[in-house]
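Only one structure is covered here, and it is reproduced in the block below.
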Amino acid sequence: MDFLATLRVALSSLERHKMRSCLTMLGVVIGIAAVVASVSFGEGANNVVQAQIANMGTNLLYVFAGSISRRGVHQGWGSISTLTVEDAQTIARDCSAVKLVSAGVGGKVQVVYGNQNWFTDLNGVDVTFPIIRNWPMASGAFFSEEDVHRAANVVAVGQTVVDVLFGEEEPLGQTIRIKNIPFRVIGVLAPKGQAAFGFDQDDRVEIPYTTAQKKIVGNTYLQFIAMSAVDRDAVILAQDLASVASISLLVGGIGIMNIMLVSVTERTREIGIRMATGATEADIRLQFIVEAVALSLVGGILGIIVGVFLSGSVARLFGWPRFISFTALTAAVVFSTGVGIFFGYYPAGKAAKLDPIEALRYE
0 MDFLATLRVA LSSLERHKMR SCLTMLGVVI GIAAVVASVS FGEGANNVVQ AQIANMGTNL
60 LYVFAGSISR RGVHQGWGSI STLTVEDAQT IARDCSAVKL VSAGVGGKVQ VVYGNQNWFT
120 DLNGVDVTFP IIRNWPMASG AFFSEEDVHR AANVVAVGQT VVDVLFGEEE PLGQTIRIKN
180 IPFRVIGVLA PKGQAAFGFD QDDRVEIPYT TAQKKIVGNT YLQFIAMSAV DRDAVILAQD
240 LASVASISLL VGGIGIMNIM LVSVTERTRE IGIRMATGAT EADIRLQFIV EAVALSLVGG
300 ILGIIVGVFL SGSVARLFGW PRFISFTALT AAVVFSTGVG IFFGYYPAGK AAKLDPIEAL
360 RYE
């Protein structure tokens with residue numbers, strides 16, 4: 000018997016037992032849907048988190064000074080002044096896991112331009128800071144090493160500060176005052192919007208840390224050291240959700256094997272008749288394997304549809320863009336076919352080894 004004839008016999012058998020076939024496929028549908036949904040949701044969540052991390056900076060790490068307590072009240076990290084420029088230089092020199100380092104001095108300041116004023120975040124940083132934070136310039140330029148060396152009165156401003164102080168006016172080349180000290184605007188940072196933690200990343204001004212130390216805070220200590228790690232994998236820990244969902248698929252495969260074993264027993268006489276009319280062991284084995292693969296493959300396709308729907312629903316619930324993992328879809332089809340072959344082989348072998356005479360006597 001050729002393959003097409005065997006396929007017709009197998010599909011005809013499944014069609015005669017629709018309810019049993021549907022219930023058998025249910026385990027595979029649930030397993031594949033769980034795998035596709037979990038992988039797609041996991042990849043979508045990972046993409047969102049990766050985008051937020053990339054928006055904040057490349058493997059961004061911060062070092063803050065310790066904290067002190069006054070009358071039993073914790074003053075918060077950075078409330079003690081112990082970090083120095085030498086500390087930043089030591090980290091850059093001796094720590095192989097760190098790619099870039101920037102000294103940092105920060106605080107809240109009032110900036111004034113004409114009759115406009117705004118209370119914003121001030122960061123005194125090094126020239127490496129925009130690279131560490133993955134922060135390009137919308138216009139102009141960031142300050143240079145020469146500006147840091149001579150503690151120049153230059154400033155790069157965030158988009159929120161531009162909108163408040165300048166409106167439609169061109170900010171480059173204008174002079175703003177920080178603590179009544181004039182600073183020339185040399186650059187505008189590209190807008191980043193709200194961070195994952197809810198604060199406005201564009202509400203800031205950046206000046207050389209040396210300028211901040213000498214002219215704003217009046218000391219030589221640092222409040223933080225910003226760093227960029229060499230390897231993103233050292234910062235991000237990915238979770239593999241598919242391994243958990245695969246348990247459902249395994250259960251579905253076992254269900255197929257059990258039903259096929261029952262089917263062999265129920266169809267013993269049918270198998271005997273087929274053997275008596277010329278069907279070989281290979282024909283019988285192929286028929287049962289085809290039935291198992293058909294159940295798994297149809298169940299896999301239905302599972303993919305359900306999984307895509309579930310992942311899309313969860314994405315909408317969290318307000319994330321829908322992400323469909325085509326790798327997961329391909330793997331689901333291949334895996335469901337493999338489940339059919341693997342769990343259908345034993346029942347098929349058992350059916351093929353039946354004695355035709357004994358099978359014909361079976362009631």
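In terms of numbering that gives the first Met the number 0, the sequence shown opens at residue 0 and continues consecutively. Ideal placement from N, C-alpha and C gives every residue a C-beta, glycine not left out.
### Query
Leaving out five residues before and five after I177 in sequence, what residues of the same chain have Cβ atoms less than 6 Å from its Cβ?
V108 and V110
#### Entry: DSSP state of R344 mapped onto helix, strand, coil
Contrary to the premise, residue 344 reads as Tyr rather than Arg in this sequence. Y344 falls in the helix class under three-state DSSP.
#### Entry: beta strand (DSSP E) segment containing F223, residue limits
F223 to A228
### Task
Buried or exposed for I288, please, with buried defined as at least 16 other CB atoms from any protein chain shown within 10 angstroms of its CB.
buried
### Query
Rounded to a whole number of angstroms, what is the C-alpha to C-alpha distance between L309 and G43?
13 Å
### Nearest-angstrom Cβ-Cβ length linking G449 and I31, presumed shorter than 8 Å
In the structure displayed, the chain extends from 0 to 362; residue 449 sits before or after that span and is not available.
### Reduced DSSP category for G103 - H, G, I as helix; E, B as strand; rest coil
strand
### Query
In terms of DSSP beta bridges, what is V110 paired with?
W117 and I177
### Task
Output yes or no for whether 8 Å exceeds the beta carbon distance between Q222 and V104.
yes
### Message
Give me the residue from A211, M256, Q173 and R19 with the minimum Cα distance to V338.
### Response
M256
### Query
So, using beta-carbon positions, are A211 and I131 closer together than 8 Å?
no
### Query
Smallest Cα separation from F118: which of A314, L164, R92 and L82?
L164
### Task
Specify the secondary structure class of R15 as computed by DSSP and reduced to three states.
helix
### Task
Give the DSSP bridge partners of D199, in chain order.
Q193
### Residue interval of the beta strand (DSSP E) (run including S143)
Run containing S143: none; DSSP gives neither H nor E here.
### Message
Alpha carbons only, please: which of L22, F142, R203 and G343 is nearest the one belonging to Q286?
### Response
G343
### Query
Would the beta-carbon of V153 fall within 8 Å of that of I185?
yes
### Message
Since T23 and L260 should fall inside the 8 Å C-beta cutoff, what is the C-beta to C-beta distance between them, to a whole number of angstroms?
### Response
Wrong, their Cβ atoms sit about 12 Å apart, outside the cutoff.
### Query
If you draw a straight line from the C-alpha of L188 to the C-alpha of S227, how long is it?
19 Å
### Query
What are the start and end residues of the alpha helix (DSSP H) that includes V292?
E280 to F317
### Message
Using 8 Å as the threshold, is the C-beta distance between A376 and Y208 below it?
### Response
Outside the displayed range of the chain (0 to 362) lies residue 376, so it cannot be described from this structure.
### Query
Taking the continuous beta strand (DSSP E) assigned at V62, which residues delimit it?
L59 to F63
### Task
Might you give, ordered along the chain, the residues of its own chain that have their beta carbon closer than 6 Å to the beta carbon of A137, omitting 5 neighbours on each side?
V187 and A189
### Message
Output needed for L363: all residues of its chain with C-beta closer than 6 Å, excluding positions within five of it in sequence on either side, in chain order.
### Response
Given a span of 0 to 362 for the chain in the structure shown, any question on residue 363 remains unanswerable.
### CB contact flag (V292, T336, <8 Å)
yes
### Query
Would you report the Cα separation of S93 and L171, rounded to the nearest angstrom?
Note that residue 93 is Asp in the sequence shown here, rather than Ser. Roughly 38 Å separates the two Cα atoms.
### Task
May I have the straight-line CA-CA distance separating T81 from A87, to the nearest angstrom?
12 Å
### Task
Going by CA-CA distance only, name the one from V28, A275, G318 and V100 that's closest to L59.
V100
### Query
How about T159 and D202: do their beta carbons lie closer than 8 Å?
yes
### Message
Only counting the same chain, and skipping five residues up and downstream in sequence, which positions put a Cβ closer than 8 Å to that of L13?
### Response
S20, E290, A293 and L294
### Task
Would you mind working out which of K352, D199, T89 and G139 sits nearest R183, comparing C-alpha positions?
G139
### Query
Going by alpha carbons, who is nearest to Q115 out of V307, F63, G166 and D354?
G166
### Message
So for N122, helix, strand or coil by DSSP?
### Response
strand
### Task
Enumerate in chain order the residues of its own chain whose CB-to-CB distance from L10 is below 7 Å, with the five nearest sequence positions on each side excluded.
A293
### Task
Along the beta strand (DSSP E) that carries V153, what are the first and last residues, could you check?
V153 to V156
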